[in-house]
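Heads up, the thing below is written out as structure tokens.
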Amino acid sequence: MSAARTATLRDAVGLGLAVGLYGVAFGAAADAAGLHVWQAFVMSAVMFTGASQFALVGVLGAGGGGPAAIGSALLLGTRNTVYGVRLLPLLRPAGVLPRVGAAHWVIDETTALAVAAPDRRLARLAFLAGGATLYVTWNATTVVGALGAAALGETAQAALDAVVPAAFLALLWPRLQRGFPEAAAQRRVALGGAVVALLLTPVVPPGVQVVAAVVAVALAGRPRRGAAVPR
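Residue numbering for the sequence shown follows numbering that gives the first Met the number 0, starting at 0 and increasing by one per position.
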């Protein structure tokens, strides 16, 4: 159990640091859209959901108005509601403040970490360790990006773009192996989400394919009747 706890902490902190570095790109995008450093920082601290933040500054940077920017951010944020439903039986936060705090950290990465944990206790540990690491790193690198990351060269920008998909691939790959419980369902989930996202990417606005892929994943990976909830 000690080894499992160590592995859980390693994965959570490692993913949090890797993905948190992507805040540099958001800070640069916010700066390019005309936001001040403090505005970019407050957005990261209060919203704390990267896709919605990028959608908002992307619309603003393209000359769109506030309602359109907020609508795009809300559209992408709907997937966090789905994550919350899945995480509630795992985390079981007691009281209003713990529930609000946990909800603020319900994002792609913390959901993946919690669901990948072998039991409920380690799921809570993965969620908290990953959420705390990512929250601190994301907000710190947002400030760095807003202060000058827009001057990075193309090579550095390409490296930042590769951080998130590489981290998710590393987290997803073990779940696709034959020895993992429900491996067939895991493969259906991965294939269904990938196909939907790839087909829609050329024809829909950025971010819409993410919401559509969440629906496809929910259908492809729905639990069997009577399946047990992790403890």
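A virtual CB, placed ideally from N, CA and C, is assigned to each residue, including glycine.
Minimum Cα-Cα distance from A54 among the listed residues L75, F40 and G191 corresponds to L75. Counting only the Cα atoms, V202 lies some 43 Å from R4.
By the Cβ-count criterion, L197 is exposed, with fewer than 16 other Cβ atoms from all chains shown falling within 10 Å of its own Cβ.
If you ignore the 5 residues before and after G129, its C-beta comes within less than 7 Å of the C-beta of A11, L14, G15, E108, T109 and L112, all in its own chain and listed in chain order. When rounded, the separation of the alpha-carbon atoms in Y82 and V105 is 7 Å. Using a Cβ-Cβ distance cut-off of 8 Å, the stretch 30–40 and the stretch 119–137 are not in contact, since fewer than three pairs of beta carbons, one from each stretch, lie closer than that value. Assigned with DSSP and collapsed to three states, L73 falls in helix. The DSSP-derived three-state label of H103 is helix.
A Cβ-Cβ contact shorter than 8 Å links G26 with V142. Taking the CA atoms as reference points, Q52 sits about 17 Å from A102.
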